[in-house]
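Below is one structure, written out as structure tokens; comments come after it.
Numbering (the numbering used here), first residue to last: 694 to 1493.
If you want it as structure tokens, here you go:
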């Protein structure tokens, strides 16, 4: 060992084989308090209760996850700072008896206190106890932690009252404000209490042992404060453990271990991290004697390892699981599995921890995140069972841990992960699809999930079936959407799919657009006299798409027949579908059913009609918008976007300019991502064939639009690619980079060949000597994943 061993009594931990103890002699203090007259302290220096701060080397960084519990501010700070200080009026009376310490006005504000101490630190050295406490807790409550630290420093360094009053304040702050203090500050406070009043120190440690362990030593990362803190805490911990009763003597109710037990397990973890195996075994022995290391915690240790530290770590992990210290068990396991990745006992124990974390009654996102971390840690050495993966997704749904579920799903679908992990199932399947389609920046994962649902014939819950297919269609995944619709549009549960308005509109919109797109391709191919096979292929795809759109629309209408009695939103949806596919008479007939029932249209209904009218004549659509405003119905971004779309298609520049003016006058809440995307497409369509200067001007206007609506998320990879390509064509590296960073960096697949080509094109512009922002060149290239160009000479290098 790297530290001096005191002259101590030997013992061994029960149930630990003697052959292991031979490799690591274990010593115990003669008494539980650790007070001896001779010998060295286990963590350096003479063993006395008045110890000086010993510094260690630079902190050793260990891979870890921060999972230790933190005392929330709301549980530490009273409703008012007055309630904390009122209990200590008697304690400050001793101070106030001294005329030098008397202050007439003890109601200093935080600003006054800060200003006064900055001007003259001595001016705050004679304040009453209540003023110090009120100032500290008020600063902590307002998250002014630097000021709170300053108050503690003033109490320790310049306060002129009695030691009794100083100790009183330190005890109150440690009990109720521990989580707001830095480790170094807590250590100074404990050292002062230990030197000044051993009884107060021991009493305080008894009351806050669990919290102080979480604050100071929880986790494997080694800090400079660890060694001096353990010099204080270790003997007090052993002394306190002697007073703890065996849990078997507690009867009735749900037994919750005292905080000292958590502190003891945390101390063992820290001691093992610092290679102080002997002293970790001392605590381990004490826990075993009082029954907090369960009898089965050391099972299979004979064959698990020749390393006593590993044996102890595994036993402590099992004990933490037994006492529901799941986060601490995961923290210890993280370090253990890094050091022993191929040990099968550790792999099995890791699975047990994951299961325990995910099986709690009220799981938190942190528990889900920790489980995902352990799954990824263990994967290279042993695939995690599918049952655990499914449990992970189920728990993520309960905890609403979308980001954590996304991280694990993305990890398990990487090319380098050769094991085929189970996909989400039941409610987790549509839940994750909703996240990918609406809030995630990695929308390509939605295609992967939709493809899995098709290829593996995953069972989608009936209540979520239509929404799942609608999400797939809305993202443009036509093949997967078609297969899923046809699969579920038959059978006894077909009504959940064919009768859903949102799904019907999405499918009709997608496939009718696909029909028109391939029809245009066929026409262009004929004009260019391309091979007949290619033309026929385009026509076949166009006809199939139109046929499916009509099937979806007809199935919806048949399901809700007779339409005269259909519900309001079913009629408006059917009318909209009719307008999309050009069945105008049927659409108007659906509206006539509404009017005959004296059901007047709302904004949504007006937008449906506006779509049909604008498709025929954009000028009439603009007139309808003016009429909506006249009757007090305020058009929204959809209204303007609809009229704008058809005005662009028909080349009506007057209507386009009018609609653009209206849209720019809207605020963020009225502009959806679809509306903003349409606005950008319109601008591109109008001016993309201009000169380079006109292109740059147009792209600048688009960037201004995006800045105008910063709250609107644009998860459109196709639009992002088009903007970047246009910026590259305009030879504007700054705009190309900014469009890529905002729209493609996180949303697109990094290794996709098209994305690689885009990044290469942007990098080429950035490397040009005429690049507008030369000082940011290297940073941009680094973001793009492009190597910095090595210039042959200084003369060749680009300059500002």
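Quick reminder that beta carbons are idealized off the backbone N, C-alpha and C, glycines included.
C-alpha gap between residue 824 and residue 1085, whole angstroms
Approximately 50 Å between the Cα atoms of the pair.
8 Å Cβ cutoff met for residue 1242 and residue 1274:
In this structure, residue 1242 lies near residue 1274, with their beta-carbon atoms less than 8 Å apart.
Helix, strand or coil at residue 1307 according to DSSP, with G and I counted as helix:
Assignment of residue 1307 by DSSP, reduced to helix, strand and coil, places it in the helix class.
Whether residue 1495 touches residue 865 by CB criterion (8 Å)
Because the chain here runs from 694 to 1493, residue 1495 falls outside it and cannot be looked at.
Going by the CB atoms, is the gap between residue 1336 and residue 1314 shorter than 8 Å?
If you check the CB distance, residue 1314 and residue 1336 come in under 8 Å.
Alpha helix (DSSP H) segment containing residue 1052, residue limits:
First-last for residue 1052: undefined, no H or E at that position.
Residue 1159 by DSSP, collapsed to three states: which one?
Residue 1159: helix per DSSP, three-state reduction.
Do residue 1301 and residue 1268 have their C-beta atoms closer together than 8 Å?
Cβ distance < 8 Å, so residue 1301 and residue 1268 count as in contact.
How many Å lie between residue 1411 and residue 840 at the Cα?
Using only the alpha carbons, I get a separation of about 51 Å.
Any alpha helix (DSSP H) of 4 or more consecutive residues that is wholly inside the stretch 1430-1488
Runs of the alpha helix (DSSP H) inside the stretch 1430-1488: 1446-1459, 1470-1477.
Among residues of its own chain, excluding the 5 on either side of residue 1332, which ones have a beta-carbon nearer than 8 Å to its beta-carbon?
The answer, listed in chain order, is 1296, 1299, 1300, 1303, 1318, 1321.
Looking at the structure shown, is residue 1426 part of a helix, part of a strand, or coil, going by DSSP?
Correct three-state label for residue 1426: helix.
With a 10 Å radius around its C-beta and 16 neighbouring C-beta atoms as the bar for buried, classify residue 1433 as buried or exposed.
With a threshold of 16 other beta carbon atoms within 10 Å, residue 1433 meets it and is buried.
My output table needs one value for residue 1071: the three-state DSSP class, helix, strand or coil.
Three-state result, residue 1071: helix.
Under 8 Å, do residue 1421 and residue 1398 count as touching if we go by C-beta distance?
Cβ distance not < 8 Å, so residue 1421 and residue 1398 don't count as in contact.
Please classify residue 1029 as buried or exposed, where buried requires at least 16 neighbouring CB atoms within 10 angstroms.
Residue environment analysis places residue 1029 among the buried positions, since at least 16 neighbouring C-beta atoms fall within 10 angstroms of its C-beta.
Cut-off 7 Å between Cβ atoms - residues of its own chain near residue 1090, not counting five sequence neighbours on either side
Taking C-beta separations shorter than 7 Å and ignoring five residues to either side along the sequence, the partners of residue 1090 in its chain run 1120, 1121, 1124, following chain order.
Rounded separation between residue 1020 and residue 1413 - CA only:
Distance between the alpha carbons of residue 1020 and residue 1413: 42 Å.
For the stretch 1319-1374, list the alpha helix (DSSP H) runs that are entirely contained and at least 4 residues long, ordered along the chain.
Runs found: 1330-1342, 1346-1357.
Give the secondary structure of residue 1223 by DSSP, where H, G and I count as helix, E and B as strand, and everything else as coil.
Three-state result, residue 1223: coil.
Can you tell me whether DSSP reads residue 722 as helix, strand or coil?
Low local confidence applies: a pLDDT of 36 at residue 722 is under 50, so the model's placement there is unreliable, with the coordinate-based value given in what follows. Correct three-state label for residue 722: coil.
Tell whether a beta-carbon distance below 8 Å holds between residue 1419 and residue 1369.
No, Cβ-Cβ distance for residue 1419 and residue 1369 is not below 8 Å.
Taking C-alpha atoms, which residue in 1444, 855, 1477, 1346 lies nearest to residue 1460?
When each option's Cα is compared against that of residue 1460, the closest is 1477.
What would DSSP say about residue 1131, mapped onto helix, strand or coil?
Three-state result, residue 1131: helix.
Identify whether residue 1168 lies in helix, strand or coil by the three-state DSSP scheme.
If DSSP states are grouped into helix, strand and coil, residue 1168 belongs with coil.
Hey, residue 1204 and residue 1183: beta-carbon distance below 8 Å or not?
No.
With 16 as the cutoff for other CB atoms within 10 Å, does residue 978 come out buried or exposed?
It is buried - the Cβ of residue 978 has at least 16 other Cβ atoms within 10 Å.
What does the alpha-carbon distance come out to for the pair residue 697 and residue 933?
Residue placement at residue 697 cannot be trusted, given a pLDDT of 34 that sits under 50; what the coordinates show is reported in the next sentence. Distance between the alpha carbons of residue 697 and residue 933: 25 Å.
Beta-carbon proximity list for residue 1181, same chain, < 6 Å, skipping 5 on both sides:
Around residue 1181: 1158, 1190.
Distance CB(residue 1439)-CB(residue 1134) smaller than 8 Å
Yes, these two residues count as a Cβ contact at 8 Å.
Could you check where the alpha helix (DSSP H) with residue 949 kicks off and where it finishes?
Note, residue 949: premise wrong, no alpha helix (DSSP H); not H, not E.
Contained alpha helix (DSSP H) runs [length at least 4] in the stretch 954-1001, N- to C-terminal order:
Qualifying alpha helix (DSSP H) stretches, in chain order: 970-982, 994-997.
In this structure, how does DSSP classify residue 1279 when only helix, strand and coil are distinguished?
Three-state result, residue 1279: helix.
Whose CA, out of 903, 969, 1338, 1445, lies closest to the CA of residue 951?
Residue 951 has its Cα closest to that of 903, out of 903, 969, 1338, 1445.
List in chain order: all unbroken alpha helix (DSSP H) runs of 4+ residues lying wholly within the stretch 874-929.
Taking only runs of at least 4 residues, the alpha helix (DSSP H) segments lying wholly in the stretch 874-929 are 876-889, 891-909.
Decide if the stretch 1161-1171 is in contact with the stretch 1219-1236; the criterion is three or more beta carbon pairs, one per stretch, under 8 Å apart.
In short, these stretches do not touch, since the Cβ pair count stays below three.
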